[in-house]
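Position one of the sequence shown corresponds to residue 0 (numbering that gives the first Met the number 0), numbered consecutively onward.
Below is one structure, written out as structure tokens, with a few remarks after it.
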Amino acid sequence: MRRHAVSLTLAVLGLGLVLPVAARAQDEKVQVQAEVVLASKKGSEVEPPELAKMKEQFQKQNFNFTSFKRLSLQVLEVTAAKPTELKLPSGSNASLQLLSMKDGIATVRVAIPRQPTLDLELGRQGAVYQKAGKYVGGELILVLSPPAK
Numbered sequence: 000m001r002r003h004a005v006s007l008t009l010a011v012l013g014l015g016l017v018l019p020v021a022a023r024a025q026d027e028k029v030q031v032q033a034e035v036v037l038a039s040k041k042g043s044e045v046e047p048p049e050l051a052k053m054k055e056q057f058q059k060q061n062f063n064f065t066s067f068k069r070l071s072l073q074v075l076e077v078t079a080a081k082p083t084e085l086k087l088p089s090g091s092n093a094s095l096q097l098l099s100m101k102d103g104i105a106t107v108r109v110a111i112p113r114q115p116t117l118d119l120e121l122g123r124q125g126a127v128y129q130k131a132g133k134y135v136g137g138e139l140i141l142v143l144s145p146p147a148k
């Protein structure tokens, strides 16, 4: 399995997710909000309006997407015991697995078919954007963040 640096993610804001500390290595788990967004250069729709912040971040990094549409949103329990699967609209699955927890920071492996496998360090705040493949004239973006309170 290939490992690539976090720099391959499209954008990293604050390196973080909420991480409840768990007891033992195999019992460790973390709650992660997983959002799948379709970013494209067709039109200028931003749906829902909360994605305007994502659009702004992408523009600052010279990603020229003009339209952002949320396709799914769910909270996942990611564990060390086995990978958690997230079905993508393209028909493939993203796989998230907790590798370790130390000082409130989790290392989570994110594997998406035809994309580099990444080991990301996630804390208590911010969001991580990961490219998840092409879909209906745009790019799927997996957004990992703390669950909404």
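All C-beta atoms, glycine included, are put in the ideal place defined by N, C-alpha and C.
Give me the Cα-Cα distance between residue 139 and residue 56, rounded to the nearest whole angstrom. Reading the sequence shown from its first residue, position 140 is the one you call residue 139. Reading the sequence shown from its first residue, position 57 is the one you call residue 56. If you take the alpha carbons of residue 139 and residue 56, they lie about 16 Å apart.
Have a look at 60, 50, 66, 37 and flag the residue whose alpha-carbon is nearest the alpha-carbon of residue 44. What you label residue 44 is simply residue 45 of the sequence shown in a count that begins at 1. Relative to residue 44, the option among 60, 50, 66, 37 whose CA is nearest is 66.
* Any chance you could list the beta strand (DSSP E) runs of at least 3 consecutive residues sitting entirely within the stretch 50-84, in chain order? => 66-78
**Prompt:** Is any heavy atom in the ligand GTP found nearer than 7 Å to the beta carbon of residue 106?
**Reply:** For the ligand GTP, the structure offers nothing, since it holds no ligand at all.
- Query: At a cut of 8 Å, does the stretch 97-106 reach the stretch 36-53 through at least three beta carbon pairs?
  - Reply: no
Q) Just reading off the beta strand (DSSP E) that residue 120 is part of, what are its end residues? A) Residue mapping note: residue 120 aligns to position 121 of the sequence shown, counting from 1. Run containing residue 120: 117-121, per the beta strand (DSSP E) assignment.
Proximity to residue 84 [Cα-Cα], best of 70, 95, 90 = Position 85 of the sequence shown holds residue 84. Checking every option, the nearest Cα to that of residue 84 belongs to 95.
Margin query: Measuring alpha carbon to alpha carbon, tell me which residue in 109, 64, 31, 47 is nearest residue 41.
Written below: To locate residue 41, count along the sequence shown from 1; it is residue 42. Put simply, of 109, 64, 31, 47 the residue whose alpha carbon is nearest the alpha carbon of residue 41 is 64.
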